[in-house]
Amino acid sequence: MSDQLIELSNRIRDLLDGDPRITEKKMFGGLSFLLNGHLFISAKKDGRAMIAVGKDNYEAALERPGARPMTHGKGAMTGFIWLDADEAESKDTLREWIVLAEHHVKTLKPKTK
């Protein structure tokens with residue numbers, strides 16, 4: 287794991303404060319945090335974060351500093367954004383994004399194994 291990935295993962299963990307609904311999983315070349323089985327934030331090895339904002343919040347999220355469309359293949363994955371590493375370094379900014387992602391993911395039906 288890269289230093290940036292470890293540092294961002296630790297900042298995310300600190301903000302999640304041991305929430306028992308959260309699980310961690312290595313995926314997409316980083317460490318993802320899932321709420322009730324749904325991915326809501328991922329730490330990447332380059333220090334960026336991938337954040338689930340939902341389709342309804344997507345355009346507004348892209349207007350915020352450091353937010354970029356998440357692309358996969360040829361197109362954007364509406365509902366997910368990249369947060370630049372510089373923006374992800376701020377604890378307050380990261381907390382705001384986590385709250386937004388949690389708000390979205392809580393509207394989804396929990397996944398069961």
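In this note's numbering, the protein residues as written are 287 to 399.
Note that CB positions come from ideal geometry on N, CA and C, so glycine has one too.
Quick caveat, the model's predicted, so the values are computed rather than measured.
- Sequence-distant Cβ neighbours of residue 371 in its own chain, meaning closer than 7 Å and more than five residues away, are 290, 332, 333 and 334.
- Setting aside the 5 residues that flank it on each side, residue 297 is surrounded in the same chain by 377 and 380, each with a C-beta closer than 7 Å to its C-beta; the list follows chain order.
- Each of 337, 388, 315 and 392 was checked against the Cα of residue 374, and the nearest Cα belongs to 337.
- DSSP, read as helix, strand or coil, puts residue 309 in strand.
- In this chain, the alpha helix (DSSP H) harbouring residue 297 covers 289-302.
- Residues 326, 327, 337 and 338 of the same chain have their beta carbon placed closer than 6 Å to that of residue 387, with the five preceding and five following residues left out of the count.
- Per the DSSP secondary-structure output, residue 330 pairs in a beta bridge with 316.
- Here residue 319 is buried, its C-beta having at least 16 other C-beta atoms within 10 Å.
- Taking every protein chain shown into account, the CB of residue 389 has fewer than 16 other CB atoms within 10 angstroms, so this residue is exposed.
- Apart from the 5 residues on each side of it in sequence, residue 317 sits with its Cβ closer than 7 Å to the Cβ of 291, 295, 310, 328 and 329 in its chain, given in chain order.
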